[in-house]
Structures are given as C-alpha cells and as structure tokens.
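A.B. asks: Quick one: the structure is below, questions incoming.
In structure tokens:
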C-alpha cells in the first residue's frame, strides 16, 4: 500500500520545491505509475536474450535475481528464459545464506549469476531488505553469494 | 563553470520531514531532446561515506512501463528514506544501498513521475527504442553536470519491465563507448523479477501458477493449449482464460507477493 503514501508526499508543493521538481507546471499530478504511458506503449522487443549474449561477450558483470513469491514475473519465468542462453555452470547450484538463514538459491554460470530470494515478492528489496542488500554487496564486489 | 552552477542548483538542502543525514543529495532535470522538450528527472543520493566519489555509481530504473523509480526504487526499496503512512515525513531505511554506492534514480521515460515532454504526443508513442536512446543521452549529459563521476564504475540495476530498460541501456552504452572519446565506465547490470523473453516468460508464469497451486490443472492445460505466446497480443480466447484464472481461481491475493495480505 506504500504507493499511496508516495502519492501524498510527492504531490506536496513544499516537497516538489525541495526536489526542484515540476518546475514547468506539468499539467497532471505526480503518480507512481502513468496509465497513459502504459496503455500507449509503442514498441517492445520480444526478447532480451540476444542483448544478454552481447553483454556477456562484452565482459559485463550480469546478475539476475528473483523473489520467489512473485507471480507477475515469477522465478519460473526467469529460469525458463535464462535456460535458453545455454550457459555452462561455473559454481553449481547451492543455497546462499544471510544472517544464518537461507536467503535463496543461486548458480554462477559462465558470464551470469542467477539468484533467488526466498520469500520475496516482486519488489525484492521491499520485502526482504537484508537479503537484497547482501545480494547488492556481492554483486558490487563481484563475488558469489555466501555459502554459510 | 556551468556544470558547477547546475550542480549547485540541483543540490537538495533537505526534504520536508527528513531526518538528519550525513550524505548529499541532488535532484533536477536533464534535457534529453531539445526539439521535443523531453526532460528526465533524476534524484541522486550520494554514498553515506567520507568520500562518496570513491564508490561506484549505481543507476536504478523502474519498470511498468510507466512507473516511477522515485516511487518504487527510491521510496520503497533501496533508497535511504521511507515514507510514513500519512505522507508527512520520512524515516531512514536501515538497509539503504547508498551505504556502499551512489544511487541515481532516473524517472524514465518522459511522462513518468516528474519527467515531462513539451510535446504531448510523446506520451502516446513512447516505447523501448526511444526510452533507451533518451536514457543514454541522460547519462551522457548527467556526467557532464557531475564530472567527478566520469571515471567511476557504473552499474545499471532495476526490476520488472526494467528488465528491458537495463539491458537496452547497457547495449546503447556499449555502442556509444565504441566511438566515444570519453567512454562510460559501465561494469555491469543487475535485474530482479525482470521481463526477459515474451515466450518463455509467459510459459514460465503459468507454470509457476500451476506449480504453486494457484490455478487448476484444467486451466493450466487450457492456457497452454489456447494461448500462442509467440504473439505480441493474445487472442480473445486466451484473454478470457487469463481472466478466469485471475478472477475465479487466484482469489483476492496480492499477485506481486502471493502469501502477503492484499492491499485493499
């Protein structure tokens, strides 16, 4: 329900002034999601997998994570998609830990790291902030998620 | 210099209801298309360390398409502040990602949040291609305004439909770097619950629904048989099956977190 708090806060004139926002008097109120844009989306690529191949070939660090109680873009969707990349495993599947609890499961492939986040919904850092932060630390440091 | 003036203009002294913090924040607009008057809004929360420029720059994009990274990324997920229930103030996020990185939230494309376009038709014909190009222009122009970040490692992160934005921006940056005098130091990307591939995402989604007992065997089989996930738009018959699954079988759940209490 937290979008509702944002709708109140970011429409406050004093907040907009502090943020240097809405300086041209935008003719609609601030909303968390724009229905207009969503309904009129003009072009979408069918698959990001070719770009994943480019990024991996270009040496970029690529991490993909998934909160495992989201049913909108669920973990199975991500696994089915990534499977098509046919990457070979570098570090085989294992549970990763945060504060002595299973944070989720992970596999390090050649060029890509995949991790699930146990009990997290679509917005992983909202539902599992500690686990998401561990994920972010490991990603920035370029090291696999902790095994214990 | 002009960059210094712009940076000073964008510096946030404090947000209403904000607790005391040790880091600097900046927000404002970067024009990405002069002709159309498209400008993207950003909010930078620098790393809460003694020397923030020693830390990488992490760009966060939200999905939708059409959703705000200020609303979600910054205010609900990884940013330093959380909003209280009455919208009167802010409190600190104990697990803010800005404890180890500089966070740059971009409202993209034009029309999202505080981002805008002076050409109203821009709101009716946005899409992946223009969003990626506008974001690249944003990053280039933003680094001109904040030159101290020019040599920092850059990472792009995001969730949901940003599963398109993030790799597409990475591809634009990689192409830009091939010809640029000053390449952008892009090191990596990270995406969560990301839209990746139309066909496999859809098959995986209904398989998740079935394997988590959210839909019946019959509905699962019908969805697999009647929906052609290679198509951009589903047939009416397929849409009817989706509606049946959601209205009659899911129940009143939060689809974004199936075991959480629903937000009424």
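Chains as they are written, first to last, in my numbering: chain A, 1 to 148; chain B, 1001 to 1264. Backbone N, C-alpha and C fix where the C-beta goes; we use that ideal spot for every residue, glycine too.
1) Compare the C-alpha of residue 1237 of chain B against each of B:1230, B:1164, B:1225, B:1247 and name the closest.
2) Terminal residues of the continuous alpha helix (DSSP H) containing residue 1081 of chain B?
3) Along chain A, which residues have their Cβ under 8 angstroms away from the Cβ of residue 942 of chain B?
4) If you run the structure through DSSP and keep just helix, strand and coil, what is residue 70 of chain A?
5) With a 10 Å radius around its C-beta and 16 neighbouring C-beta atoms as the bar for buried, classify residue 66 of chain A as buried or exposed.
6) Mind checking residue 1263 of chain B: buried by the 16 CB within 10 Å criterion, or exposed?
7) Between A:29, A:21, A:115, A:132, which has its C-alpha nearest residue 76 of chain A's C-alpha?
8) Helix, strand or coil, according to DSSP, for residue 1053 of chain B in the structure here?
9) Can you tell me where the beta strand (DSSP E) holding residue 102 of chain A begins and where it ends?
10) Cutting at 7 angstroms between CB atoms, please list the residues of its own chain near residue 1244 of chain B, excluding the five before and the five after it.
11) Which word fits residue 1002 of chain B, buried or exposed, when buried means at least 16 other C-beta atoms lie within 10 angstroms of its C-beta?
12) Looking at the structure shown, is residue 63 of chain A part of a helix, part of a strand, or coil, going by DSSP?
13) Taking the alpha-carbon positions, what's the residue 83 of chain A to residue 1190 of chain B distance?
14) Between the Cα of residue 1060 of chain B and those of B:1051, B:1052, B:1073, spot the shortest distance and give me the residue it belongs to.
15) Which bits of chain A does residue 1171 of chain B rub up against, with CB to CB less than 8 angstroms?
16) Residue 1119 of chain B: which of B:1154, B:1032, B:1170 sits nearest, CA to CA?
17) If I'm right that residue 1123 of chain B touches residue 31 of chain A with Cβ under 8 angstroms, what's the distance once you round it to whole angstroms?
18) So residue 50 of chain A is in the alpha helix (DSSP H); what residue range does that whole segment cover?
C.D. replies: Reading off the structure:
1) For this step, residue 1237 of chain B is matched to residue 237 along the second chain. Nearest C-alpha to residue 1237 of chain B: B:1225.
2) Your numbering for residue 1081 of chain B matches position 81 in the second chain. Here residue 1081 of chain B belongs to no alpha helix (DSSP H); instead the beta strand (DSSP E) covers 1081 to 1083.
3) The displayed coordinates of chain B run from 1001 to 1264. Any statement about residue 942 of chain B would go beyond what the structure contains.
4) Residue 70 of chain A sits at position 70 when you count from the first residue of the first chain. The answer is coil: DSSP assigns residue 70 of chain A none of H, G, I, E or B.
5) Walking along the first chain from the start, residue 66 of chain A turns up at place 66. Burial call: buried.
6) Taking the first residue of the second chain as 1, we reach residue 1263 of chain B at position 263. Exposed: under 16 other Cβ atoms inside 10 Å.
7) Taking the first chain and counting its residues from 1, the one referred to as residue 76 of chain A is at position 76. Here the closest residue by C-alpha is A:115.
8) To locate residue 1053 of chain B, count along the second chain from 1; it is residue 53. Here residue 1053 of chain B sits in helix by DSSP.
9) For the purposes of this step, residue 102 of chain A is identified with residue 102 of the first chain, where counting begins at 1. Element bounds for residue 102 of chain A: 101 to 109.
10) Taking the first residue of the second chain as 1, we reach residue 1244 of chain B at position 244. Excluding positions up to five away in sequence, the list reads 1219.
11) Position 2 of the second chain, counted from the start, is the residue given in the question as residue 1002 of chain B. Burial call: exposed.
12) Here the question's residue 63 of chain A lines up with position 63 in the first chain. Residue 63 of chain A: strand per DSSP, three-state reduction.
13) Taking the first chain and counting its residues from 1, one reaches residue 83 of chain A at position 83. Taking the second chain and counting its residues from 1, one reaches residue 1190 of chain B at position 190. Those two C-alpha atoms are separated by around 17 angstroms.
14) Taking the second chain and counting its residues from 1, one reaches residue 1060 of chain B at position 60. Per the Cα distances, B:1073.
15) As a first step, residue 1171 of chain B is located in the second chain; it is residue number 171 there, counting from the start. Near residue 1171 of chain B (Cβ distances below 8 angstroms), the residues of chain A are 51, 54, 55.
16) Position 119 of the second chain, counting from 1, holds the residue named residue 1119 of chain B. Closest option to residue 1119 of chain B, Cα to Cα, is B:1032.
17) Numbered from its first residue, the second chain carries residue 1123 of chain B at position 123. Numbered from its first residue, the first chain carries residue 31 of chain A at position 31. Not confirmed; about 12 angstroms, so no contact.
18) To locate residue 50 of chain A, count along the first chain from 1; it is residue 50. Here the alpha helix (DSSP H) through residue 50 of chain A covers 49 to 57.
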